[in-house]
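Note sheet for the following structure.
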Ligand code: NAP
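Residue numbers (the numbering used here): 5 to 294.
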């Protein structure tokens, strides 16, 4: 059988979002006499993190956002890192703060992330922003789940009423994804390591989001005919190839629409980060968000 599903082109939609951001950044600069600013903090030299950080900084340059690089050694002390966050919170040139995760062992990521001013929390991970999303009044929204929603909207998908299954329940993808889908009017099931029958939960879903971090975890044969499949997973195989969490070839024969890996939610995540930075910059400039 050959692939029948529509490929959801995250790269193309991300380019569109970045175009919007570029226009908004130019308008912001004309109005305020400075570019919107994003501080990108990396602690240590984890190679995967370095790749992400480089592409985020490059994306800032391309869209007219000023990027402030803060590269700290893996052994940086808790006090020094907290002091940097406090400085960035107070810096009027900085509209968004991105703390690249994971942080090295020994640093309490929750403590550091909770110190970021929620108005500058462009990752949307601060409990205040997660709480606002849970209460149906989203402000800064976690980038990957927000990217799924934007991608679905760009393809004209009607989400209201769909039975959706999210595989993965992390704070950065699975949980906020469930909240986004609930906000969009889906009936949502969230799966995790305690789920008894993962296959059954996926089989009845009209929309599936996979965010586990294990190649082939979601079998193609589980996908309901015509379902929309969003594969957030990024896994590197032994041969160095990037693959998602869904068995792509078999899933694409059954799905109505599916995201590729790479070229799906990866570029969308960065685009939504830039978009959040403009939202934060505009809200701070207008004195909103307290
Ligand atoms: P994570 O924190 O490790 O969470 C993984 C989740 O999967 C957990 O909720 C875990 O359940 C669940 N899980 C693990 N094994 C399972 C199983 N056998 N059955 C059902 N659920 C299972 O990972 P994450 O940070 O959410 O990231 C997930 C993937 O997305 C990774 O590949 C990551 O690289 C990728 N990612 C991509 C982007 C992007 O830009 N595209 C952004 C972020 C992350 P428990 O809660 O019970 O432990």
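In this text, a Cβ means the ideal position worked out from N, Cα and C, and glycines have one as well.
TODO: State yes or no: is the C-beta of residue 239 nearer than 7 Å to some heavy atom of the ligand NAP?
DONE: Because some heavy atom of the ligand NAP lies under 7 Å away, the Cβ of residue 239 counts as near it: yes.
- [ ] State buried or exposed for residue 157, treating a residue as buried only when at least 16 other CB atoms are found within 10 Å of its CB.
- [x] Under a 10 Å Cβ-count criterion, residue 157 is classified as exposed, with fewer than 16 other Cβ atoms of the shown protein chains found around its own Cβ.
Open item on the list: Quick check on DSSP: helix, strand or coil for residue 139?
Closed with: In this structure, DSSP gives residue 139 a state outside helix and strand, which the three-state scheme calls coil.
Open item on the list: Does the distance between the C-beta of residue 263 and the nearest non-hydrogen atom of the ligand NAP fall short of 7 Å?
Closed with: For the ligand NAP, no non-hydrogen atom lies closer than 7 Å to the CB of residue 263.
Open item on the list: Does the contact criterion of 3 or more C-beta pairs under 8 Å hold for the region 234–246 versus the region 208–225?
Closed with: Contact check between the region 234–246 and the region 208–225: three or more CB pairs, one atom from each, fall below 8 Å, which counts as touching.
Task: Alpha carbon of residue 100 to alpha carbon of residue 42, nearest angstrom - done: Looking at the two C-alpha atoms, the distance is approximately 5 Å.
Task: Check: residue 185 C-beta below 7 Å from any heavy atom of the ligand NAP - done: Outside the cutoff, so no.
TODO: Can you tell me which of the three DSSP states residue 18 falls into?
DONE: Residue 18: helix per DSSP, three-state reduction.
Open item on the list: Using 8 Å for Cβ pairs, my map puts residue 18 next to residue 272. What's the rounded Cβ distance?
Closed with: A Cβ-Cβ distance of about 5 Å is found for the pair residue 18 and residue 272, placing them in contact under the 8 Å criterion.
TODO: Below 6 Å CB to CB, which residues in the same chain sit around residue 151 once its five sequence neighbours on both sides are set aside?
DONE: Around residue 151: 269, 272, 273, 276.
Open item on the list: If contacts are defined as beta-carbon pairs under 8 Å, then residue 257 and residue 8 qualify, I think. What distance do you get, rounded to the angstrom?
Closed with: Between residue 257 and residue 8, the beta carbon gap of about 6 Å places them in contact (Cβ cut-off 8 Å).
- [ ] For the beta strand (DSSP E) containing residue 70, list its first residue and its last residue.
- [x] Looking at the DSSP string, the run of the beta strand (DSSP E) that includes residue 70 is 70–76.
- [ ] Take residue 146 as the anchor and find which of 47, 286, 278, 287 has the nearest alpha-carbon.
- [x] Per the Cα distances, 278.
Task: Secondary structure of residue 195, DSSP reduced to three states - done: Strand, per DSSP.
Task: Nearest-angstrom Cα separation, counted from residue 164 out to residue 188 - done: Residue 188 and residue 164 have their C-alpha atoms some 6 Å from each other.
TODO: Compute the Euclidean distance between the alpha carbons of residue 128 and residue 51, then round it to the nearest angstrom.
DONE: One alpha carbon belongs to residue 128, the other to residue 51, and they sit about 24 Å apart.
Open item on the list: Assuming residue 205 and residue 199 are in contact, meaning their beta carbons sit under 8 Å apart, how far apart are those beta carbons, in whole angstroms?
Closed with: About 6 Å separates the beta carbon of residue 205 from that of residue 199, a gap short enough to meet the 8 Å contact definition.
Task: Residue range of the beta strand (DSSP E) that includes residue 169 - done: Where residue 169 is concerned, the enclosing beta strand (DSSP E) stretches over 167–171.
Open item on the list: Measuring CB atoms only, is the region 29–41 touching the region 278–287, in the sense that at least three cross pairs come out at less than 8 Å?
Closed with: The region 29–41 is in contact with the region 278–287.
Task: residue 215: CB within 7 Å of a non-hydrogen atom of the ligand NAP - done: Yes, the ligand NAP has a heavy atom inside 7 Å of this Cβ.
Open item on the list: Taking 7 Å as the limit between beta carbons, can you name the residues of its chain near residue 149, skipping five residues before and five after?
Closed with: So the list reads 177, 180, 181, 184, once near-sequence residues are dropped.
Open item on the list: Can you list, in chain order, the residues of its chain with a C-beta nearer than 7 Å to that of residue 36? Leave out the 5 residues immediately preceding and following it.
Closed with: Here the set comprises 289.
Open item on the list: For a minimum of 4 consecutive residues, which ranges assigned as the alpha helix (DSSP H) are wholly contained in the region 219–275?
Closed with: You should have 252–258.
TODO: Compute every distance between the C-beta of residue 202 and the non-hydrogen atoms of the ligand NAP, then say whether any falls below 7 Å.
DONE: Distance from the C-beta of residue 202 to the nearest heavy atom of the ligand NAP is below 7 Å.
Task: residue 249 versus 223, 84, 96, residue with shortest Cα-Cα distance - done: Here the closest residue by C-alpha is 223.
Open item on the list: Could you tell me which whole beta strand (DSSP E) segments of length 3 or greater appear in the region 40–122?
Closed with: DSSP runs (the beta strand (DSSP E)) wholly in the region 40–122: 41–47, 70–76, 100–103.
Open item on the list: Here's a check: name, in chain order, each residue in its chain whose Cβ is nearer than 7 Å to the Cβ of residue 153, leaving out the five neighbours to either side.
Closed with: Excluding its 5 nearest sequence neighbours in each direction, residue 153 has C-beta neighbours in its own chain below 7 Å: 184, 188, listed in chain order.
Open item on the list: On the DSSP bridge list, what partners appear for residue 10?
Closed with: Looking at the DSSP output, residue 10 sits in a beta bridge with 261.
- [ ] Compute every distance between the C-beta of residue 109 and the non-hydrogen atoms of the ligand NAP, then say whether any falls below 7 Å.
- [x] With a cutoff of 7 Å, residue 109 does not count as near the ligand NAP, since its C-beta is closer than that to no heavy atom of the ligand.
Open item on the list: Looking only at its chain, what residues have a beta carbon closer than 8 Å to the beta carbon of residue 98, apart from the 5 residues adjacent to it on each side?
Closed with: By the criterion of a C-beta distance shorter than 8 Å, residue 98 is surrounded in its chain by 41, 42, 43, 72, 92, 124, once the five residues flanking it on both sides are discounted.
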